[in-house]
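Right, one structure below, let's go through it.
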Amino acid sequence: MSHPNFIETIENTFREISERKAEFTPRIQYREKGIVTHVSSGIALVSGLPGTGNEELLEFPNGLFGIAFNLDPDEIGVILLGPEDRLRAGDPVTRTHRIADIPVGEELSGRVVNPLGLPLDGKGPVVSSQRYPVERAAPPIMHREAVNVPLQTGIKVIDAIIPIGRGQRELILGDRQTGKTSIAIDTIINQKGKNVICVYCAIAQRSASVAKVISQLNDHGAMDYTTVVVTEGNDPPGLQYIAPYAATSIAEYFMEQGSDVLIVYDDLTHHARAYRELSLLLRRPPGREAFPGDIFYIHSRLLERSTHLNKAHGGGSLTALPVIETEAQNISAYIPTNLISITDGQLYLSPRLFDLGVLPAVDVATSVSRVGGKAQLTVYREVAGNLKLAYAQFEELESFMRFGTRMDERSREIIAHGNRIRACLKQPELNPVSVPDQIMLLLALTGGLLKNIPLEKIPEAERLLSQGSSRLPEELVRRIHSSEALKEVDKTFIFSVIQEILQPLVEDNLDFRDAS
Ligand code: ATP
Ligand code: MG
Numbered sequence: 001m002s003h004p005n006f007i008e009t010i011e012n013t014f015r016e017i018s019e020r021k022a023e024f025t026p027r028i029q030y031r032e033k034g035i036v037t038h039v040s041s042g043i044a045l046v047s048g049l050p051g052t053g054n055e056e057l058l059e060f061p062n063g064l065f066g067i068a069f070n071l072d073p074d075e076i077g078v079i080l081l082g083p084e085d086r087l088r089a090g091d092p093v094t095r096t097h098r099i100a101d102i103p104v105g106e107e108l109s110g111r112v113v114n115p116l117g118l119p120l121d122g123k124g125p126v127v128s129s130q131r132y133p134v135e136r137a138a139p140p141i142m143h144r145e146a147v148n149v150p151l152q153t154g155i156k157v158i159d160a161i162i163p164i165g166r167g168q169r170e171l172i173l174g175d176r177q178t179g180k181t182s183i184a185i186d187t188i189i190n191q192k193g194k195n196v197i198c199v200y201c202a203i204a205q206r207s208a209s210v211a212k213v214i215s216q217l218n219d220h221g222a223m224d225y226t227t228v229v230v231t232e233g234n235d236p237p238g239l240q241y242i243a244p245y246a247a248t249s250i251a252e253y254f255m256e257q258g259s260d261v262l263i264v265y266d267d268l269t270h271h272a273r274a275y276r277e278l279s280l281l282l283r284r285p286p287g288r289e290a291f292p293g294d295i296f297y298i299h300s301r302l303l304e305r306s307t308h309l310n311k312a313h314g315g316g317s318l319t320a321l322p323v324i325e326t327e328a329q330n331i332s333a334y335i336p337t338n339l340i341s342i343t344d345g346q347l348y349l350s351p352r353l354f355d356l357g358v359l360p361a362v363d364v365a366t367s368v369s370r371v372g373g374k375a376q377l378t379v380y381r382e383v384a385g386n387l388k389l390a391y392a393q394f395e396e397l398e399s400f401m402r403f404g405t406r407m408d409e410r411s412r413e414i415i416a417h418g419n420r421i422r423a424c425l426k427q428p429e430l431n432p433v434s435v436p437d438q439i440m441l442l443l444a445l446t447g448g449l450l451k452n453i454p455l456e457k458i459p460e461a462e463r464l465l466s467q468g469s470s471r472l473p474e475e476l477v478r479r480i481h482s483s484e485a486l487k488e489v490d491k492t493f494i495f496s497v498i499q500e501i502l503q504p505l506v507e508d509n510l511d512f513r514d515a516s
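Under UniProt numbering, read the sequence shown as residues 1 to 516, first letter to last.
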């Protein structure tokens, strides 16, 4: 037996269908479909998609995507974002009407992903509600503010002599195996508990190096606030090329939420090479060192995205530490000079110092921080003000010493002081030093309290001072971390604590005051 309501429903449905039918006007909708004409390592040439936009994402069979790079009237040069081994000439290509993007958000913290946001850590898919395009415009000047908050690296030589501020771009450059990655990793590890979110972008690295970095970050509890974006040496050059832009989008999300963010690009030499490979394959005209003409632009538009936003725009910041590998200490090669001119300073790592065991091998004379000095904690300015000059003088004299030159009293003093500075600034990797510990050591050094301690006992002195820094009252530690200057009574108090701590190490038990 049929229910009256049921019949009514059916009648309504029929009526609705016939109404819709009357309204319907047939339309022709066309989809552009192109054809692959040529495939070679990392790129494909496509014909038949005349409406394609610049940098539009194109879809190939088997879930392979590519970015439209060269737009010629009858052919498009596409960089592929996956392996091309199953792609053949004659395969169909379709437009996606969108550009490459990547998931962003809190969910990315602690994850290891590739530049398309696909997980590499076996922890399941990255579920995030937001996506950002990999290429985004840099914040306009009116949204920016001067760099005025320090980014403590925990590395004594950097914090004291070449300070970095939040929102700064500081280049790390040096020959291979000089400790470039270690400086970046130490800086990330030192951000623990400091409300700085970190992104580490590995570009075309060996799997073993990436695995080492991830395990170091894990061992030091740094993965809780770090995202790792990875491309390896055998990944397609297209993927290597978009990696730093994608990593920056992940970092920008946090910056726009008002957080302070640190991003490491390790390294941009490989990025430049990937771009050169793509450009040569796409037959773009080569310039100096066979790099294409816009190589400066690809790095400047990347690093322009790092900045310090003003209060009206959340007050977040993005600090960038790009890494560049030099060849045979030639910092005036094409890519290093480009990057030096784009960034706000550089940390140069010298293989000579590395071989001498002066680690981290930061060459103070060649390194500079153009904006960080203004952001440095006031207390450093008091205790480390003339350290750079003294160290540079020492290095100059040291090179003369190699010729067996006889020294006058003044030069001998400079050498002795320089050796003490060097001993104090040495630091093993993965061992960040807190601000109060650094201040204790630097005060001991610049106040002449280490004069009567033999060089080989300086590490021991540093250890004792670090234990002793817990004796500083909480209020004093707060002032050290703030932008206030130290009061005279504070200094006298710290001096007395240092003297007491170092007393057992003094040779011949000389009185400190006489020595200084
Ligand atoms: P690559 O050119 O291969 O990328 P790199 O310049 O990044 O090398 P790292 O991998 O950071 O150099 O370091 C090279 C070696 O030096 C590593 O074995 C590392 O353990 C060691 N090293 C770096 N810094 C220090 C340090 N401060 N104290 C002791 N050893 C260090
Ligand atoms: Mg490295």
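Note that beta-carbon positions come from the ideal geometry of N, C-alpha and C, so glycine has one too. Predicted, not measured: the structure shown is a model, and the values here were computed from it.
Item: Exposed or buried, what is residue 534 when buried is set at 16 or more other beta-carbons lying within 10 Å of its beta-carbon?; Value: In the structure as shown, the chain starts at 1 and stops at 516, and residue 534 therefore has no counterpart that could be examined.
Item: Given this structure, state the Cα-to-Cα distance separating residue 479 from residue 491, to the nearest angstrom.; Value: 12 Å
Item: In the DSSP assignment, the alpha helix (DSSP H) including residue 492 goes from what residue to what residue?; Value: 488 to 502
Item: Nearest to residue 397 by CA position, among 410, 498, 137, 59, is which residue?; Value: 410
Item: Quick check on the DSSP output: what are the complete beta strand (DSSP E) runs of length 3 or more inside the stretch 331 to 357, in order along the chain?; Value: 345 to 349
Item: Please give the ranges of any alpha helix (DSSP H) in the UniProt domain "ATP synthase alpha subunit C-terminal" (376 to 500), keeping only runs that are unbroken, at least 4 residues long and fully inside the region.; Value: 378 to 384, 387 to 401, 409 to 425, 435 to 446, 458 to 468, 474 to 481
Item: Evaluate the contact criterion for the stretch 204 to 212 versus the stretch 376 to 396: three or more CB pairs, one atom per stretch, below 8 Å.; Value: no
Item: Do you know how far the Cα of residue 305 is from the Cα of residue 137?; Value: 7 Å
Item: Spatial neighbours of residue 365 within its chain, please: C-beta separation below 7 Å, excluding the five flanking residues on both sides.; Value: 392, 395
Item: What does the Cβ neighbour count give for residue 221, buried or exposed, with the cut at 16 atoms within 10 Å?; Value: exposed
Item: Could you check the C-alpha separation between residue 504 and residue 453 for me, to the nearest Å?; Value: 10 Å
Item: Following a CB-centred definition, is residue 224 positioned closer than 7 Å to any heavy atom of ligand 2?; Value: no
Item: Hey, which residues come within less than 7 Å of ligand 2, measuring from Cβ to any heavy atom, in chain order?; Value: 180, 181, 209, 266, 267, 323
Item: How is residue 191 classed by DSSP in three states: helix, strand or coil?; Value: coil
Item: Verify the contact flag: residue 360, CB atom, against every heavy atom of ligand 1, threshold strictly below 7 Å.; Value: yes
Item: Determine the direct distance from the alpha carbon of residue 175 to that of residue 169, and round the result to whole angstroms.; Value: 20 Å
Item: Measuring only the C-alpha atoms, how far is residue 513 from residue 420?; Value: Low confidence applies here, because residue 513 scores a pLDDT of 39, under 50, leaving its location unreliable and the question unanswered by this model.
Item: Using DSSP with H/G/I as helix, E/B as strand and the rest coil, what is residue 220?; Value: coil
Item: Residues bridged to residue 56 by DSSP?; Value: 99
Item: Look at the Cβ atom of residue 190, then the Cβ atom of residue 153, and state whether they are nearer than 8 Å.; Value: yes
Item: Taking 8 Å as the cut-off, decide whether the C-beta atoms of residue 327 and residue 485 are in contact.; Value: no
Item: Distance, Cα to Cα, residue 78 vs residue 247?; Value: 22 Å
Item: May I ask you to report which of helix, strand or coil DSSP gives residue 510?; Value: Reliability fails at residue 510, whose pLDDT of 45 lies under 50, so the model's placement of it is uncertain and the value that follows must be treated cautiously. In the structure shown, residue 510 sits in coil (DSSP, three-state: anything other than H, G, I, E or B).
Item: For residue 481 versus residue 435, is the C-beta distance shorter than 8 Å?; Value: yes
Item: Quick check: the Cα distance between residue 90 and residue 201, rounded to an integer number of angstroms?; Value: 36 Å
Item: When you compare each of 192, 238, 101 to residue 219 by their alpha carbons, which one comes out closest?; Value: 192
Item: Can you check DSSP and say which residues form a bridge with residue 125?; Value: In DSSP, residue 125 forms no bridge with anything.
Item: Cβ of residue 352 versus every heavy atom of ligand 1: is any distance shorter than 7 Å?; Value: no
Item: Identify the continuous beta strand (DSSP E) that holds residue 34 and give its terminal residues.; Value: 33 to 40
Item: Going by DSSP, what residue range makes up the alpha helix (DSSP H) through residue 159?; Value: 156 to 161
Item: Let me know if residue 30 comes out buried or exposed under the rule of 16 or more other beta-carbons within 10 Å of its beta-carbon.; Value: exposed
Item: Suppose the cutoff is 6 Å on Cβ atoms and the five residues either side in sequence are ignored; what does the same chain contact list for residue 300 look like?; Value: 342
Item: Could you check if residue 422 is buried or exposed, using at least 16 other CB atoms within 10 Å of its CB as the buried criterion?; Value: buried
Item: Do residue 135 and residue 96 count as a contact pair if the criterion is CB distance below 8 Å?; Value: no
Item: Nearer than 7 Å: is that true of the beta carbon of residue 325 relative to any heavy atom of ligand 1?; Value: yes
Item: Please classify residue 14: does DSSP put it in a helix, a strand, or coil?; Value: helix
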